[in-house]
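> One structure coming up, written as structure tokens, with questions to follow.
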Amino acid sequence: MKHVAIAIVALFLGGCASGIVDHSNDDLNKEILETCFSTKKPAFIYEARCADLNAGRFGDSTFCTGIQGFDPEPYQDEYHRYHYKYPKSWREYVNSRESWDKILFKKLFFERQRSIVAPIEVGTKMKITGIFEYPRGETGHVLIVRAILTSGEFKNTEVELPSPGGFSDAGPDWTSQWFYSPNEGIKLSSEYLQRCGN
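The sequence shown lines up with residues 184 to 381 when you count with the working numbering.
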């Protein structure tokens, strides 16, 4: 009976992705890791759910510092036009902090309400520090991108850029890819980021 149970579990987990793959040192990613980027619009850092890079084979989420922009533009997919309900500025957020936190950050049963930590100035510089394929069960390995702020009040703060397959539950994506594809490079949102000096 024990062997039957093990076989059944193996069948269910057979389609699940496992193991974190670090592509930060791949030659193909050298250029993007050496490039300086800056924020194009007012943004904020917040208490985020992120990929736990110290997790085991199947991954997990943990809390870290995330980054997101105020007043994101609507976006269009194949069927609908979506509008984000977001504060337009730090001042608007602070005036109704408690209600905005409930709108922006889904609170799980066992956790305290997360919130925005502080605003980030337009032109804040950052460098990509990590590119990972992260296991998300049946979805497979998804793209996770980490960066470090290199200027401003929060210089040296590591952030996870929101991505379609990541754990961030707050707003639009700063990377457009679900999956890592070495031939395509990393595509960053032109709404939020630009190369330094532009």
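Idealized CB from N, CA, C, for every residue including glycine.
This one's a predicted model, so the numbers in the text were calculated from it and none came from an experiment.
Just verifying my parser: in three-state terms, what is the DSSP assignment at L211?
Note: L211 maps to helix in three-state DSSP.
> Is T248 near A226, with beta carbons less than 9 Å apart?
In this structure, T248 keeps its C-beta atom at 9 Å or more from the C-beta atom of A226.
> If I'm right that Y269 touches I299 with Cβ under 8 Å, what's the distance once you round it to whole angstroms?
In fact, because the Cβ distance is near 11 Å, the residues do not count as touching under 8 Å.
> Between the C-alpha atoms of N208 and N366, what's the straight-line distance to the nearest angstrom?
Going by the C-alpha atoms only, they are around 15 Å apart.
> Alpha carbon to alpha carbon, how far is S351 from E343?
9 Å
> Below 7 Å CB to CB, which residues in the same chain sit around V211 once its five sequence neighbours on both sides are set aside?
According to the sequence provided, residue 211 is Leu. The question's Val does not apply to it. P365, listed in sequence order.
> The beta strand (DSSP E) that contains R274, what's its start and end?
The continuous stretches of beta strand (DSSP E) do not include R274, which lies in the alpha helix (DSSP H) extending over residues W273 to N278.
> Restricting to Cα atoms, I'd like to know which of E316, F293 and V305 is closest to D205.
E316
> Is the CB-CB distance between P347 and S334 below 9 Å?
no
> In angstroms with no decimal places, state the Cα-to-Cα distance between A234 and N278.
Inter-residue distance for A234 and N278 is about 31 Å (C-alpha atoms, whole angstroms).
> Threshold first: 3 residues or longer. Then list the beta strand (DSSP E) segments lying entirely within the stretch 318-343, N to C.
324-332
> Give me the DSSP bridge partner(s) of C247.
DSSP output for C247 lists A231 as bridge partner(s).
> Please state if the CB of L216 and the CB of K310 are separated by a distance shorter than 9 Å.
yes
> CA-CA distance, T218 and R378?
Taking C-alpha positions only, T218 is separated from R378 by approximately 7 Å.
> Taking DSSP's pairing of strands, which residues face S221 in a bridge?
K308 and Q377
> If you draw a straight line from the alpha carbon of W357 to that of Y375, how long is it in whole angstroms?
7 Å
> Between which two residues does the beta strand (DSSP E) harbouring P347 extend?
Run containing P347: none; DSSP gives neither H nor E here.
> Return yes when the Cβ of P345 is within less than 9 Å of the Cβ of I250, no when it is not.
yes
> Could you pull the start and end residues of the beta strand (DSSP E) that I203 belongs to?
Counting along the chain, I203 falls outside any beta strand (DSSP E), and DSSP gives it neither H nor E.
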